Structure formats: C-alpha cells, structure tokens
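Protein sequences appear in the order of chains C and W. Here the numbering used here is used: the first residue of the first sequence is 1, the next is one more, and so on. Here the numbering used here is used: the first residue of the second sequence is 115, the next is one more, and so on. Heads up, the beta-carbon is just placed ideally off N, CA and C, and yes, glycines get one too. Computed from a prediction, not measured in an experiment: that's the story for all the values here. A short write-up of the structure that comes next.
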Amino acid sequence: METSVDLMVMSGVEDGRMISLSSANGEGKQEDGAWVIRMGRREDNDIWLRYDSFASRYHARLHCRETGWWLEDCNSKNHTYIETDEDDAMVSGTIPLQVGQLFRIGRTWFRIQV
Amino acid sequence: MADVTLRDILINARQESFRMHHYFLGVEHLFIGMLEIQGGLTRSLIESYGLTTEYVIDAIRRKTGKGTATQRMFAGMPYTPRADMVMSIANDLSLEAKRSEIGERELFEAILEENDNIPVRVLARLGLTSTALREALTNSTAKIKNPAQLQPLLEVDFGADFQPVTPFSDDHYFILRRLFHGYSRVRVDRQLTGGYSASSVLAVTPINGDSTQDSPVVVKIDHADTILDEAQRYEAHVKSTLPPLTARLEDKPAASETTDMAGLKYTFIADSNGTPQDLSIAAAEMGYEGVGKWIKHELYPTFGKTWWMQRRPYRFQVWTEYDWLLPPLLTLEYTADNDANIPTIKDPIRRDKIKALEYGDPVAIENFTVHRVHRDKNSMVLTIGRGSEAAKRAYKIEVRGLNLAQDAHFRGEVIERLTGRVWKTRDEMLLMALTELVPDFDPHALTIPGVAGISSLPNPLSAYPDLLDRYVNGSLSKIHGDLHLGNILVGHNHSAFLIDFAQTRSGHVLFDWACLEISLLDQIAMPEFGDDWAAARQAIGILAATRHPSAAAVLPRDQIAPILPIAAVRDVVNDCLTKDGDWSEYFIAVALCGLRAATWDTMSPRGRRAAFILSAYAVHELSQRQKPGSADTFTNDDETDAGDLV
Numbered sequence: 001m002e003t004s005v006d007l008m009v010m011s012g013v014e015d016g017r018m019i020s021l022s023s024a025n026g027e028g029k030q031e032d033g034a035w036v037i038r039m040g041r042r043e044d045n046d047i048w049l050r051y052d053s054f055a056s057r058y059h060a061r062l063h064c065r066e067t068g069w070w071l072e073d074c075n076s077k078n079h080t081y082i083e084t085d086e087d088d089a090m091v092s093g094t095i096p097l098q099v100g101q102l103f104r105i106g107r108t109w110f111r112i113q114v
Numbered sequence: 115m116a117d118v119t120l121r122d123i124l125i126n127a128r129q130e131s132f133r134m135h136h137y138f139l140g141v142e143h144l145f146i147g148m149l150e151i152q153g154g155l156t157r158s159l160i161e162s163y164g165l166t167t168e169y170v171i172d173a174i175r176r177k178t179g180k181g182t183a184t185q186r187m188f189a190g191m192p193y194t195p196r197a198d199m200v201m202s203i204a205n206d207l208s209l210e211a212k213r214s215e216i217g218e219r220e221l222f223e224a225i226l227e228e229n230d231n232i233p234v235r236v237l238a239r240l241g242l243t244s245t246a247l248r249e250a251l252t253n254s255t256a257k258i259k260n261p262a263q264l265q266p267l268l269e270v271d272f273g274a275d276f277q278p279v280t281p282f283s284d285d286h287y288f289i290l291r292r293l294f295h296g297y298s299r300v301r302v303d304r305q306l307t308g309g310y311s312a313s314s315v316l317a318v319t320p321i322n323g324d325s326t327q328d329s330p331v332v333v334k335i336d337h338a339d340t341i342l343d344e345a346q347r348y349e350a351h352v353k354s355t356l357p358p359l360t361a362r363l364e365d366k367p368a369a370s371e372t373t374d375m376a377g378l379k380y381t382f383i384a385d386s387n388g389t390p391q392d393l394s395i396a397a398a399e400m401g402y403e404g405v406g407k408w409i410k411h412e413l414y415p416t417f418g419k420t421w422w423m424q425r426r427p428y429r430f431q432v433w434t435e436y437d438w439l440l441p442p443l444l445t446l447e448y449t450a451d452n453d454a455n456i457p458t459i460k461d462p463i464r465r466d467k468i469k470a471l472e473y474g475d476p477v478a479i480e481n482f483t484v485h486r487v488h489r490d491k492n493s494m495v496l497t498i499g500r501g502s503e504a505a506k507r508a509y510k511i512e513v514r515g516l517n518l519a520q521d522a523h524f525r526g527e528v529i530e531r532l533t534g535r536v537w538k539t540r541d542e543m544l545l546m547a548l549t550e551l552v553p554d555f556d557p558h559a560l561t562i563p564g565v566a567g568i569s570s571l572p573n574p575l576s577a578y579p580d581l582l583d584r585y586v587n588g589s590l591s592k593i594h595g596d597l598h599l600g601n602i603l604v605g606h607n608h609s610a611f612l613i614d615f616a617q618t619r620s621g622h623v624l625f626d627w628a629c630l631e632i633s634l635l636d637q638i639a640m641p642e643f644g645d646d647w648a649a650a651r652q653a654i655g656i657l658a659a660t661r662h663p664s665a666a667a668v669l670p671r672d673q674i675a676p677i678l679p680i681a682a683v684r685d686v687v688n689d690c691l692t693k694d695g696d697w698s699e700y701f702i703a704v705a706l707c708g709l710r711a712a713t714w715d716t717m718s719p720r721g722r723r724a725a726f727i728l729s730a731y732a733v734h735e736l737s738q739r740q741k742p743g744s745a746d747t748f749t750n751d752d753e754t755d756a757g758d759l760v
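Now the structure itself:
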C-alpha cells in the first residue's frame, strides 16, 4: 500500500519548506507493519537535517501506523520535544503524534501537514 | 513617526540574527527588528495590549533557540522560504497601497496574513491572536501615536493614609494612567506592605467624571517581566482555583515603553463594597487573638479547599523546594577562558566542590538556564532549570560583566558552557547579611547563644548545607508562594482575599505557612518585644515554650499574647502535617525561610534578627528529632537513595 506524508519545516534556515515523502518513491521503510521515516543530521536519513548542528546523526523516527502517527526519539543528545499548551515536553520513547502538532528535533521545529 | 522602511528593519533583523548566531533571515528576525524601532507601529500595537517588547522578544528567542557561534553551515545570510513568502505578500500590499517601497505596516500585515510563522505563534500563546491584531492594525489610523499621548491626563490624588514606602516615580504615574484609562481621577488610598520583591502594591479608588467613586482595587507595579509572568500564570494556574468571592485580575496588564516597569490591577469580587485592608493594618482592630482566629477560621478554609487541603504525598530533597530562597551560590565576573581544566559546575551540583572556591578562581558553568537578564547592568542570573517549579530556580549563579549588545541572552536559554571568575560565594553573602545585623555573638561559631530553656542553638550559617541535602516525606498542593501580611487582605465582614500570584505554583504545602509565621513574627510579634538580639531571643524563647503546655502555663499572659497569631499558624500546620505529630517537615521549612528572611533588605533589622534566631531554633528542633532509628519524616537516606545524593 502506498503511504505518503507532507512535513513542513517550522523554524530555522529552512522555515517554510515543505518536504513530501512517499513510499512509492522508495522513501521511508516498512518495519513491523509501520511506515517509518528517519530524521537526523546524516545524509542517509529520509529527512536530512543538514543545517542543524543540534540534531543527532540519527535523531528521531516517525511511524505511520493504522492507529495514526507516532514519534520516537532515538536516544538523541539534545532530545526531541513536542509543543504543548504549557512548556515544550520532552519525548521519551515513542509517543503518539497528532497531525498538525509541532515537534522539535535539535533546533528545528516540524509539523505533519493536515 | 516617520515611515520606517524595510531597509531600516533589515538592519535590525540582521543584527538580531547575528546576536542569536543564526546567520539567516527568518520572519522572527524581521519581527524583532520591527519591535526594536522606538515608537514604531508594531511596538505601539504590542504595548497597547499590555505586553512589552522585551517580553515578546524573549518568548520568540526561546522558541527558536540560539545557534552555535563556531559553526556556520551556509554562506551569506539567506532568507528562509517563509521570510521570502512574507516579503512577497508585503510587496503586493505596498503595490496595492501605491507605495514605492515596503514599509513597516505592510510587513506587519504580511506577517499576520502568512499566519503560520514563529512570531504569530508566540503571540497567540501570549493571548494575542493574529485576527485581533489585524483588526487593530486596520482600525488604527495611518499612524499610531504614542498611546500615552492619546490619553487625557488622569489626576492622581493621595488619600490621608498614604505614606509611600517607595517614592512615586514618573513610571508609576504613567502606569496608573494606562490602568485607569477612562476615569478622570484616582485616589491612591495607601501603599500596602511590600514583600521581598521591589514591587509597590497600592490600594486605589477610581473616580468617574461625575465624581462618583467606583469600588477600590489593588494595583501592583513591578518589573515588566514579573508582572507579565504573573498575568500569564494567573490565566493558566490561578483563575480556576480561586474561591468565588475574591480578588481577580480582570484587565490586561499595562506596561510603560520608557522603562521596564508594568502594572496589574486586582479587582475585588465581593458581596459588598468597602476598602479591603491588608492584614498588618487590620490586625490592629482584630487584636492578637482575633488575628489568630481569623487565620484559622477564615483564611485557611477560604483558600484551603482548592489549595492547601488538596494535598498529595510528595517526597523531595530539600534543595529542590528551598534552595532558591538563598542568595546566589556564586557571583561570577564573566571571562572568556577556554581552559578545559578549570573546575566545572554542572548538574548534579556538588556543593563541597563549590565551597572550596575562592575569590578570583576560574570556574566553568555547564547547562544552566538563564533565569533573568538585567540588560541595564549587563548581568544575568542562571539557575539549574530542571525539575519542579522551585527546583528550576535553585542554585542561582549571577554572572556580571557580559556584553549583551553583542551576544543575546534570553530567559529560558540553556547555556552550554560559560566561564568566569569567582567574585562572591553564598557563604560570604550570608555572612555579610548577618554582619549587617551587628550580632552580639561570633557569626563564625558553630553555636550561638540559646533562648530560655535551651542553653545554645546551632548556627544556621553552618547548619544549612546539611539541611539542603536531606529528604522530606511531605505533601504537595497549590501554594500562594509569597504569603505575607501584605498579600493577605481583609475585606468587609472580615472576608479573606489574597493578592499577588506571581509565585503561585505547585509546591511544598508548609512553605506558605512558614512564610506567614515569619511575617507575623516581624510585623505583629516583634514590635512588642523590641529591636535587639536579646528581644529576638526572648520572643523565640516564648514561641519555643508554647510547644510545651507546662512551660507555657507559667509564662505571663501579656508575653504570650503577641505570639498567638503564630500559634494559630501552628494549628493550621498541625492540620497539614503529612505524618500526624511529626513536625520536622515544618521545621525544615522554617529553618530555611528564616535564614532567607534574615538576608532581606526589605525587612526591618528587628524582624531579620528574630527570623535568624527562629531559623536557629528550628535547626535545634530538627537535631533533637534526628535520632537513630526514629521514624521521622526526613532521613538522610544513606541506604535507599544514596545514588541521588549530591
């Protein structure tokens, strides 16, 4: 089954850039019934954070499952955060992620577009 | 105000990008560039909503974070895709308006229209939606004038009871004019007692054009950061937990563009009118016994239902709730030492390592959070920044000699590494505070002269570090955070009101009551006993005796009377103890709150002396209770949590 997603960069030098990924183009990979997108500072990630020196080489992963989107922090040095009504909350392990909710990797904020 | 063009804004925006080590131009830099224009449109509009530019700038900087000074990942100063988008919207708008170049107004409108950028998101979080701003922008005349000039002059009178503790400045008048826009006159009835902050708290009666008076309100004027935080905190945490009849923040705060001061207005929601008085004044009519009864039967139940009585178990290491009360752990002079071998202070803090530091020693600080920036003094205060609200403010380190014009620092910023040289240690500051009080004992000694029935007391200056390391099995609830007589108001029919929610948070339940005990000691009890150390020892001796009914029975009635309000606080505490009859949880709070009060410039020397002796007495009580094998509330936890000890 073909899966695709649009992610918007919400801060940093690429603020406003839209990143479109689709399994049909060989982007992401299937793992335990989920479509997984890797994000980090190394070039071989699906989303390559080349300008963010606060991002780890393999920083975080997005999982698209039947139950929706999940965000996993891969033991990154500077952690992964989601925006909440109060302070930004640190992600530990894998947590559900709402479409439209902002999350931060290194210094860069992202959002899954509706 | 002449038209500000995009070119002017870009100069500011580039500077901001450099200060933040970003080296690109985003919408946030443009917006901060606009906010920095003195008398500009953006600035005036934001300020008309009661926010200050510095407050908004810090909130934006917190959202983006700072880059690294050493690594530049791209050449030049590129625009972000979103900034390109905003510029193109602004360009269209200026063409529509038949202008030759983009101006501040078009850029502001474009930022609001794009509606997905960092400034718009941050403003929404501060309660200012883009819809509201766009409306305000459209309705504003071609040029927004300085809002201060738009307002007719408000006449400020002073009531017969007004005796200013702090002199009235132009800022005070300015802020009153903004807060009471629409009235022709206000009467400042009196200044309420201040807390440990530099704020002025005033009881003010607004008067209409036809000379009719409206209900009195309480105005608080303080540093803009503090006031705006209080307003945010009130909305988020306080509003929903207040009793139905109380003092509320109904209006937005008012800020002044010329200084960093701002004001807030507490309106009384009550069943009848009449000027509420603060408890220190009301106490004169109530009498000692009356004050005690009122605290127990009015104040405690009124706010207790949603605050102190809603407690849940909370085990904490003492420093996490109480370290922030003490003077800075270190005061440093900033230096750009890059030596990797100098002593480093980082979480977890090892206080013994810091104790060994002396004047002039180089030291590095790692991963501390900026708590407050003093732009005028080129200094800032760092704290540990993690954990509970009180823990976040623990282990203050003051850094002086910064160049804030070149290198931006903002509240909430995590500083990876910073180096400096020791200028003052906490022990030195505590010793200085004690020396100011001209002790009649050796301030360096391990023990100090005792009170009636106790031959000597431990010196809190030597005892406090050990207290900070202990664990307490206490309880947690919403607490006021600055519960002193000036923040407690007595209304008509003796109803209880609280004001000043700047410190309201989830915290150790007994903190509020230890604060109140010290305030009662300073303002109600000590005037009866006298000013010197002997008087302080006499008062604390009587307070100590009241814990033992047999000893209290032989004391003369007139000596016990001034202590009665404190005895009432102790009754409330008895009700709030986590473990019935185990007072160590309270004495630890009293020991540290007392030590803090002894360092306050705003408290009378009389009160500070008594607070110091009270602290010593509390440490004594703790040492009496700390016997091996006793089932006491606090422990040193050597066996169970040794790994957590710092």
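Counting of Cβ neighbours within 10 angstroms places Gly695 (chain W) among the exposed residues, the total staying below 16. The segment 132-146 of chain W makes contact with the segment 185-199 of chain W; the number of CB pairs closer than 8 Å reaches 3 or more. Listed along chain W are Phe138, Phe188, Pro192, Thr194, each with a C-beta nearer than 7 Å to that of Val13 (chain C). For Arg17 (chain C), the closest Cβ of chain W is nearer than 8 Å.
By DSSP's assignment, Val331 (chain W) forms a beta bridge with W:Val318, W:Thr381. Residue contact with chain C for Ile232 (chain W): present (Cβ-Cβ distance below 8 Å to some residue of chain C).
Using a CB distance below 8 Å, no part of the segment 88-99 of chain C faces chain W. Put simply, the segment 523-540 of chain W touches the segment 484-500 of chain W. At least three CB pairs are less than 8 Å apart.
Take the alpha-carbon of Ile632 (chain W) and the one of Met148 (chain W): they are about 47 Å apart. Taking 3 residues as the shortest admissible run, the segment 508-554 of chain W contains the following complete beta strand (DSSP E) segments, listed from N- to C-terminal end: 511-514, 528-539. One thing to note: Thr360 (chain W) has its Cβ no nearer than 8 Å to the Cβ of Leu544 (chain W). Listed along the chain, the chain C residues whose CB falls inside 7 Å of the CB of Thr389 (chain W) amount to none; the nearest CB is some 36 Å away. With contacts defined by Cβ atoms closer than 8 Å, Thr80 (chain C) and His63 (chain C) do not form a contacting pair.
Contacts with chain C at 8 Å (Cβ-Cβ) do not include Thr355 (chain W). For Thr252 (chain W), the enclosing alpha helix (DSSP H) starts and ends at 244-253. In the displayed model, Cys64 (chain C) falls within a strand according to three-state DSSP. Secondary structure at Arg486 (chain W): strand, using DSSP grouped into helix, strand and coil. Exclusion of the five residues before and after Tyr448 (chain W) leaves Val513, Gly515, Leu516, Gly534 as the residues of its chain whose Cβ lies within less than 6 Å of its Cβ. The segment 330-340 of chain W and the segment 348-355 of chain W do not touch, with fewer than 3 CB-CB distances between them shorter than 8 Å. Buried is the label assigned to Asn231 (chain W), since at least 16 other Cβ atoms lie within 10 Å of its Cβ. Under the three-state reduction of DSSP output, His558 (chain W) falls in the coil class, being neither helix nor strand. No Cβ-Cβ contact shorter than 8 Å links Leu440 (chain W) with Pro574 (chain W). Chain C places a beta carbon closer than 8 Å to that of Thr178 (chain W), counting this residue as a contact. Annotation: Ser23 (chain C) to Thr245 (chain W) spans about 38 Å, alpha carbon to alpha carbon. If you check each beta-carbon in the segment 28-48 of chain C against every beta-carbon of chain W, none falls closer than 8 Å. Approximately 7 Å separates the beta-carbon atoms of Gly621 (chain W) and Glu503 (chain W); this is inside 8 Å, confirming the contact.
Assignment of beta-bridge partners to Gln152 (chain W) by DSSP yields no partner. For Met494 (chain W), the closest Cβ of chain C is not nearer than 8 Å. When DSSP reads this structure, Asp271 (chain W) sits in a beta bridge with W:Arg301. Collapsing the DSSP output to three states places Ser53 (chain C) in coil. Within the same chain, Cβ atoms closer than 7 Å to the Cβ of Arg17 (chain C) are found at Val9, the five residues on either side in sequence being excluded. Take the alpha-carbon of Phe294 (chain W) and the one of Tyr348 (chain W): they are about 20 Å apart. The beta-carbon of Thr182 (chain W) is placed less than 8 Å from the nearest beta-carbon of chain C. Here the alpha carbon of Lys334 (chain W) sits roughly 16 Å from the alpha carbon of Gly595 (chain W). A Cβ-Cβ distance of about 6 Å is found for the pair Tyr163 (chain W) and Leu242 (chain W), placing them in contact under the 8 Å criterion.
For Gly406 (chain W), the enclosing alpha helix (DSSP H) starts and ends at 393-408.
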